[in-house]
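In UniProt numbering, the protein residues as written are 1 to 269.
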């Protein structure tokens, strides 16, 4: 299968900022600004049997051999990864806007796969290590992706060109999507939202997190970890489209939407 993506921001955790969108595993809930839980519609969390089937199907699509013979043919589908490798960069808003306007579009958020706080380790300064892969249930996330690839969730939107509306689209947004090798073969379009230090710190100060940020957490941990992850991206071999996160929501949406429409048209042939 072909794929797209838009990369993500560190330390998003269970923010009290609402913004549920698209498909989340197992009907999990997120809390809104008012503290009331919001159900997330879309991808259902696969049970153990389904998850196993999904992982097998995903391996087959990557060309792995299996007892039944050669891998079965699969329909064309796109996978768009939404990422802003800096906290509060705007990836969730962009993903939500894209889902509203793209046909047959689902959204999967890496934030929905954080482990419980009791399982999160701390560094030498006592800061919770939320911005490392070990803080996430990545195997569960891969199972959810495989489940979608087996049975794509279709959007009700159908106002777009006939040439692309039948192609299922999965937007995956998260903050460590570039750093998990099993995801490398899924994408065919990658986006990375960035914002400068001052704007990033200002936006983060307006958000409420559970658990809350400890004093000095941004300067002592969040921003240094972002710089570390950004440095690691220099070793990425595929093309990344960098986006200016200080632009308006409308400008960012227009830029990515037009780019995706062109890519979908190419895929359709």
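Beta carbons are placed, not taken as given, at the ideal position from N, Cα and C, and that holds for glycine.
Quick check on DSSP: helix, strand or coil for residue 266?
As a working mapping, residue 266 is identified with position 266 in the chain shown. Here residue 266 sits in helix by DSSP.
Contact under 9 angstroms by Cβ, residue 169 with residue 106:
In the chain shown, residue 169 corresponds to position 169, counting from 1. In the chain shown, residue 106 corresponds to position 106, counting from 1. In contact: residue 169 and residue 106 (Cβ atoms closer than 9 angstroms).
To test your reading of the DSSP string, which unbroken alpha helix (DSSP H) runs of 4 or more residues are found completely within the segment 197-229?
Runs found: 197-205.
Exposure label - residue 272; buried when at least 16 CB within 10 Å
The requested residue 272 does not occur in the structure, where the chain is confined to residues 1 to 269.
Can you tell me whether residue 256 is buried or exposed? The criterion is at least 16 other CB atoms within 10 Å of its CB, across all chains shown.
Looking up residue 256 in the chain shown gives position 256. The residue in question, residue 256, is buried, as its Cβ has 16 or more Cβ neighbours within 10 Å.
Please name the residue, chosen from 194, 173 and 129, that lies closest to residue 141 on a Cα-to-Cα basis.
Working through the chain shown from its first residue, we reach residue 141 at position 141. Selection 194, 173 and 129 evaluated against residue 141 yields 173 as nearest (Cα-Cα).
Cβ shell of residue 221 (< 6 angstroms), same chain only, five flanking positions each side left out
Locating residue 221 in the chain shown gives position 221, counting from the first residue. Answer for residue 221: 127, listed in chain order.
Relative to the C-alpha of residue 246, which candidate in 103, 184, 199 and 102 has its C-alpha closest?
Against the chain shown, residue 246 aligns to sequence position 246. Nearest of 103, 184, 199 and 102 to residue 246, Cα basis: 199.
For residue 237, does the three-state DSSP call read helix, strand or coil?
Position 237 of the chain shown, counting from 1, holds the residue named residue 237. Coil.
Are residue 267 and residue 167 close, meaning C-beta to C-beta below 9 angstroms?
Taking the chain shown and counting its residues from 1, one reaches residue 267 at position 267. Taking the chain shown and counting its residues from 1, one reaches residue 167 at position 167. Going by C-beta atoms, residue 267 is nearer than 9 angstroms to residue 167.
Is it buried or exposed for residue 135, if we count other Cβ within 10 angstroms and need 16 for buried?
Position 135 of the chain shown, counted from the start, is the residue given in the question as residue 135. So residue 135 ends up on the buried side.
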